[in-house]
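Numbering (this note's numbering), first residue to last: 1 to 296.
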């Protein structure tokens, strides 16, 4: 029923929903009627099914979430069934990719030809949720969370700095700008900035008028040359060549990136081995000017 309802809500009519699901419009209509009778409330404003009721909008949001979880579960089950060599599921913040993640995956694939590896990128909160709910065995996040049933250890740390187009005025100062010099129009806030606790940065954040919720939006804004932001240095590996990184005087706070692994999982030996490989790669390949956590 949920899938029928979601298809109609997305398509706006029974015919297109039927084509998507391989069912007749009358069968779709009957399914919707049964669902409304069961709930005791209308899901659509009219019989044309082109406008959801307020209740229908709430149900649609929940239906999408549940269908996505269902599809992910089925996909995981099928992957496990056809992967006798094991499955390793990894969720990571994007900035960890140039710091050894891709090479570590390559090492594991070479060692285990039948191993299946799944990788997803997301912000730290989503990665944390994924590993807590057993959707992945390995997580890489910003910060040092303490989670029940999850082993957490520092993987690397790096310094925050200024990111802007090379022709931005802040990039042409004779010496590195300080935090007071960043109190000008054009600052774009991002979620990593909020992790910096020093008063001068918190003061800068109070002036923010633009917030970029994802990396693509942030890069698109900054590369125009009219905007700037603050990011960890390891993110430079993900930036287009026409963006530059510069240190900020007075900003010495570092971001710690942690490796999370599930203590109980289907393939614990694979998880432990991957963690060992990743630590070595992060230490070897970490960008100049950044430091492996725990080193001097």
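The beta carbon of each residue, even a glycine, is placed where N, CA and C say it ideally should be. In this text the structure is predicted, and so the values were computed from the model without any measurement.
Inter-residue distance for residue 11 and residue 106 is about 41 Å (C-alpha atoms, whole angstroms).
Judged by DSSP secondary structure, residue 63 falls within the alpha helix (DSSP H) whose first and last residues are 54 to 81.
Relative to residue 250, the option among 177, 25, 146, 38 whose CA is nearest is 177.
Along the segment 124 to 207, the beta strand (DSSP E) occurs as fully enclosed runs of 3 or more residues at 138 to 142, 150 to 164, listed in sequence order.
Shown here, residue 260 sits in a strand according to DSSP, grouped into three states.
By DSSP's assignment, residue 118 forms a beta bridge with 89.
For residue 268, the secondary structure class from DSSP, reduced to helix, strand or coil, is helix. The segment 162 to 180 and the segment 244 to 261 touch, with no fewer than 3 CB-CB distances between them shorter than 8 Å. Bounds of the beta strand (DSSP E) holding residue 230 are 228 to 232.
With distances taken between CA atoms, residue 208 lies nearest to 186 out of 224, 199, 186. Counting the other Cβ atoms within 10 Å of the Cβ of residue 133 gives fewer than 16, which makes it exposed.
In this structure, DSSP gives residue 24 a state outside helix and strand, which the three-state scheme calls coil. In the three-state reduction of the DSSP assignment, residue 33 falls in the helix class.
DSSP, read as helix, strand or coil, puts residue 103 in helix.
Between the beta-carbon of residue 104 and that of residue 274 there is about 6 Å, and that keeps the pair under the 8 Å contact cut. Only residues of its own chain outside the window of five on either side were considered, and among them 25 have a CB closer than 8 Å to the CB of residue 15, listed in chain order.
For residue 246, no alpha helix (DSSP H) encloses it; the enclosing beta strand (DSSP E) starts and ends at 244 to 247.
Within the same chain, Cβ atoms closer than 6 Å to the Cβ of residue 118 are found at 89, the five residues on either side in sequence being excluded. Comparing C-alpha distances from residue 281 to each of 228, 102, 46 shows the shortest one belongs to 102. Linking residue 225 to residue 58 through their CA atoms gives a straight-line distance of about 41 Å. Rounded to the nearest whole angstrom, the CA to CA distance from residue 18 to residue 78 is 26 Å. Counting along the chain, the unbroken alpha helix (DSSP H) around residue 221 starts and ends at 215 to 222.
In this chain, the alpha helix (DSSP H) harbouring residue 3 covers 2 to 11. For residue 46, the secondary structure class from DSSP, reduced to helix, strand or coil, is coil.
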